[in-house]
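> Please read through the structure below; I'll follow up with questions.
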Amino acid sequence: MYITEGAGSRTELAGVTVKGKTVILGMQGGKEIVLDGEFEEVKVASPKTVAILKGGIIKNLIVCEDGEGSALTAENGTVVENLAVYAGVDVTGGKNIKQAEIASEGVSMDEKPEKITIAEGGGYVAFRSESGDDDKGNTEVSPKPTKVPEQASKPTKAPTPTPAKIPTPTPTKAPTPTPTKAPTPTPTKAPTPTPTKVPTPTPTKAPTPTPTKVPPPTPTKAPTPTPTPIPGQQKVFYIREGANGANDGSDWNNAWTALPEALERGAIYYIAAGTYGPHIFNDPEVGSEIITIKKATVEDHGTDVGWKAAYADGQTLFTADVGPIFQFDSGYYRFDGQTGSGKSGHGIKIYNPNDGDGGQGTVLRATKTARYLTFEHVEIEGCNWREDDTPSTRLLFFTGDVSHLTLRYCYVHESSSQWMYSSKSTDILIECCYFENCARGMGLKIFGSSDQMNVVIRYNHFENVYSANNFIQLGEHHCQKSSGYEIYGNVFTMTDPSAKCSIAIGNCSHSANDNVFIYNNTFYGLKGCGLSFDNENDTNIAANNLWVNCSRSPALKNIKDLNNSMNVYKPYIFANPDEGDFRLVVPLAGGTDLGSAWSVDPDGRIRGKDGEWDYGAYEFSRDDRPHAFFSYSTITGELSGYEPFRVNVDGSGSIVPEGCSIVSYDWDWGDGSKSSGSTAAHTFSAGRYVISLTVTDNLNRKDTRKLLVNVLPSEYPNLYLYLPMDGNCNDASDKGMKTNGTVTYDQGVIGQAVQFNQDTSRAINVEHSDYLDGFENMTISFWAKKNSVQKNIPVILKHTVYRIVLTENGIRASLYDAQGNSVSAEGKNIVTDTGWHHYAMTYDGSTIKVYVDGMRICCILRSNQKGSDKGPCNRL
């Protein structure tokens, strides 16, 4: 829902229940917006907004960077469960806020929330006491900001339960909007302004597409996560491996040693680190009352009776020899590991060491209705992901209705088939998770025939599918309608040599998908990288996606191509792709402004804040310092190859704040050598080196960019092109020279040979390469035969540089100087048959020599070139 300025001085929204995002735009000049009801998420996205929270519950209240100068009032009777602040605002009614995270300077409050955290970018909060004095104490400093302010349901650790009882409302299904054939503009009276074009250095010579301003399609109704229980209203129980007290779960001394068979609705179960067995969750549902299973931590463990800090050490592990580890026959459960993101640190782990035993759903299974399941900070692991004889199973297997499923900050990996299979379910939210190593089938297989699937997959990292159709498959076989998917801000990579797939994202066969929005994702190093859907329509849209280093340019089938970047850029645009860091180190301007619904990247940066939307998952962020950046070119196209390995670098794309300039570029090659200047080149011997560029601006501020070079030893270090012609024309010299063209093969002296018909193929033409600049000597040799004696046939050449021709009865080798004048060494009356002969030409910087069958037949002295000091090999 989008709220804009109305005709009067006050806009009121009362007595409503809103699921999904409520975005406040354009409420400026002191005009008020009054909210009274149940709101899942409210975003203040306009400066100087005056928002009065008159009553009800707001789960997530987010003040975006664009909300600078706003004033928020939470009147008595209002409950704000989570407040995330990214701009300077004034807050009244702080006591009605359960937990707040401050990631901006200039924030003031009348009273402290129950818990407050100062995140990165945040400053001290000025608290106004009754006497009017400022109070800046009692704030906790967080090591980093909330990962995803777009969904700020858990910016900090859950607070210690307090005795405040607030009933949780029964979730209500939001009305389903009428499906349309085309994207519907966001219902706002004020169109989003066209971003101002800012000249930005581009790391490649490819032209940057002009930004296209389009009306943003209506975002999918956000999936409703499991209702968050409010601390203080539940009973609290305790579970600890090895406990030997009364075994009644009343405290840590008398904790249960395992989850009890029957769990109590509305209760929290704190569980210590240790190893526990499988469980069937079949507790009868009571309205929307949640059962919460929470990993105990030093900061949040319930009672202190019997507590020891050692109970928090390590993971809470649920495991068994046969799956499923967890089976769900009823819903409304929440699992919170409290810590962990990416691939490490998760508080709860659910593990099946015998993936394949126990049938489908070897870790989590729900074949009955089990709605409102939430998993946060949970690791889910199988095994044998690349063993072809392992039974095809799934780690998460949901054939029952598990609508309102949420996976957040989870690590799902090592599956012998899919990571997750879901059918019959809508309202699915998967965010900030890491999926790794999936075998056959598809990674995520989300089936459903609803016209409002309401599936959001955002801010995740997907790594390696093996022998699979795709990373994500949507829809259902031969279904008439499967509509409503958002996939944005994700990274897709392949790091295992065996990883491969047909396409990256697609649909099940003959599935009628529409309203599929695939925005601002990064696809890196994929073998199989396209987007493909079966039905033609204009409502499937791919925009601002970034493909880099993929095996081929992606094909987009039945999805609108709206300003995507396909294999234009090189890996050096990323901070550290080898370590999975795909943040941009240079802006990639030219993306399409998609509107505020998709304007936040995985790190919480606002897209387009600098006037440009970047391609890919991450938005480049400018600040008040220089940013060192350099591109490179090598014979392999990568920073690895065989010695001697030449690297050309260009640091002219480095960024400085407006009004500043770079005064020096300093290069350190990592082998004791140094250079200066915006461009440079260096040749490495075998070894591992770090190239460093340090730039200094006119205010003496510095920044350094480093890249690793891996140079392998070579058996023949001076061999640069070797074409055995055995089944292909690939270079076998270890240098990775690129070859192309269509050839016809014939029998050679050793193995195969290439046949030139003098029509569609005439000779080997060597294209330009800066890699060999500076080489002053060379040898070219080959086996060849003619099918007719009376012919002059060129065999290998580089236009205006060198040429070797088989004449009617001999051979001629020519070199050209900088003015285009040639000098030739020619042997005549040497070859008078049509048999195989070995030919060679050498040049040592001054003399051209020609050999036939190992015997020198002529030589000529070549004078120095005038106007060139690069030598004849400079464009080999």
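For what it's worth, the numbering used here labels the leading residue of the sequence shown as -17, then goes sequentially.
C-beta atoms are modelled at their ideal positions from N, C-alpha and C, and glycine is treated no differently.
Tell me which residue opens and which closes the beta strand (DSSP E) that residue 660 is part of.
Premise fails: residue 660 is in no beta strand (DSSP E) and is neither H nor E.
> Would DSSP call residue 354 helix, strand or coil?
Reduced to three states, the DSSP call for residue 354 is coil.
> Can you name, in chain order, every residue of its own chain whose Cβ lies under 6 Å from the Cβ of residue 672, other than the five neighbours on each side?
Result list for residue 672: 652, 688, 690, in chain order.
> Output the boundary residues of the beta strand (DSSP E) element that contains residue 67.
Segment 60 to 67, the beta strand (DSSP E) holding residue 67.
> Take residue 548 and list the residues in its own chain whose beta-carbon comes closer than 6 Å to its own, dropping the five residues that flank it on each side.
Closer than 6 Å at the Cβ level, and outside the excluded window around residue 548, lie 529, 535, 536.
> Out of 836, 629, 283, 762, point me to the one whose CA is closest to residue 661's CA.
That would be 629, whose Cα lies nearest to the Cα of residue 661.
> Taking only three categories from DSSP, how would you classify residue 673?
Strand.
> With a threshold of 8 Å, are at least 3 pairs of Cβ atoms found where one atom belongs to the stretch 640 to 647 and the other to the stretch 618 to 627?
The stretch 640 to 647 vs the stretch 618 to 627: no contact.
> State whether the stretch 417 to 429 contacts the stretch 449 to 459, with contact taken as three or more CB pairs (one from each stretch) at a distance under 8 Å.
Counting Cβ pairs under 8 Å, three or more are found: they touch.
> So within the stretch 211 to 240, which uninterrupted beta strand (DSSP E) runs reach at least 3 residues, ignoring any that extend past its ends?
List check, beta strand (DSSP E) in window: 218 to 221.
> Hey, quick one: how far does the beta strand (DSSP E) through residue 363 stretch, first residue to last?
Residues 360 to 363.
> Where residue 116 and residue 236 are concerned, what is the direct C-alpha to C-alpha distance, given to the nearest angstrom?
Unreliable placement is indicated for residue 116, whose pLDDT of 41 sits below 50; the coordinate value is still reported in the next sentence. Each residue's Cα considered, the two are about 45 Å apart.
> I'd like to know whether the C-beta atoms of residue 234 and residue 313 end up nearer to each other than 7 Å.
No, they are not a contact pair.
> Among 697, 646, 658, 701, which one has its Cα closest to the Cα of residue 683?
The option with the nearest alpha carbon to residue 683 is 646.
> On a CA-only basis, which of 331, 601, 282, 769 is nearest residue 470? Give me that one, please.
For the residues 331, 601, 282, 769, the minimum Cα distance to residue 470 belongs to 601.
> Going by DSSP in three states, residue 294 sits in which element: helix, strand or coil?
It is helical.
> Note down, one range per segment and in chain order, each alpha helix (DSSP H) of at least 4 residues found wholly within the stretch 794 to 842.
Whole alpha helix (DSSP H) segments, 4+ residues: zero.
> Quick check on residue 29: does DSSP put it in helix, strand or coil?
It is coil, neither helix nor strand.
> Look at residue 434 and residue 457 and say whether their C-beta atoms are less than 7 Å apart.
It is not a contact, given that the beta carbons lie outside the stated cut-off.
> Return helix, strand or coil for residue 768, following the three-state DSSP convention.
Reduced to three states, the DSSP call for residue 768 is coil.
> Hey, which unbroken runs of the beta strand (DSSP E) at 3 residues or more fall wholly within the stretch 303 to 328?
Within the stretch 303 to 328, the complete beta strand (DSSP E) runs of at least 3 residues are 308 to 310, 315 to 318.
> What residue range does the beta strand (DSSP E) around residue 454 cover?
Run containing residue 454: 450 to 456, per the beta strand (DSSP E) assignment.
> Who pairs with residue 859 in a beta bridge, going by DSSP?
In the structure as shown, the chain starts at -17 and stops at 858, and residue 859 therefore has no counterpart that could be examined.
> Find the nearest neighbour of residue 621 within the set 577, 594, 692, 576, judged by alpha-carbon distance.
Checking every option, the nearest Cα to that of residue 621 belongs to 692.
> Thinking C-beta only, is residue 426 closer than 7 Å to residue 384?
Contact flag unset, no.
> From 378, 826, 394, 468, pick the residue whose C-alpha is nearest to that of residue 409; which is it?
Ranking the options by Cα distance to residue 409, first place goes to 468.
> Could you check how far apart the C-beta atoms of residue 346 and residue 389 are, in whole angstroms? I think they sit under 8 Å.
About 10 Å; that fails the 8 Å criterion.
> Spell out the partners DSSP gives residue 759 in its beta bridges.
Answer is none; residue 759 lacks a bridge partner.
> Can you tell me whether residue 539 is buried or exposed? The criterion is at least 16 other CB atoms within 10 Å of its CB, across all chains shown.
The residue is exposed, with fewer than 16 neighbouring Cβ atoms inside 10 Å.
> Relative to the C-alpha of residue 679, which residue among 609, 394, 613, 522 is closest?
Of the listed residues, the one whose Cα sits closest to residue 679 is 609.
> If you follow the beta strand (DSSP E) that residue 97 is part of, which residue opens it and which one closes it?
That run of the beta strand (DSSP E) goes 97 to 100.
> Classify residue 238 as buried or exposed, calling it buried when 16 or more other Cβ atoms lie within 10 Å of its own Cβ.
Classification for residue 238: buried.
> Does the beta-carbon of residue 576 have 16 or more other beta-carbons within 10 angstroms, so that it is buried, or is it exposed?
Residue 576 is buried by the Cβ-count criterion.
> Could you tell me the boundaries of the beta strand (DSSP E) in which residue 276 lies?
Taken as a continuous stretch (DSSP letters only), the beta strand (DSSP E) holding residue 276 covers 273 to 277.
> Counting only the same chain and skipping the five closest in sequence on each side, list residues whose C-beta sits under 6 Å from that of residue 473.
443, 504, 564, 599.
> So for residue 252, helix, strand or coil by DSSP?
In the structure shown, residue 252 sits in a strand (DSSP, three-state: E or B).
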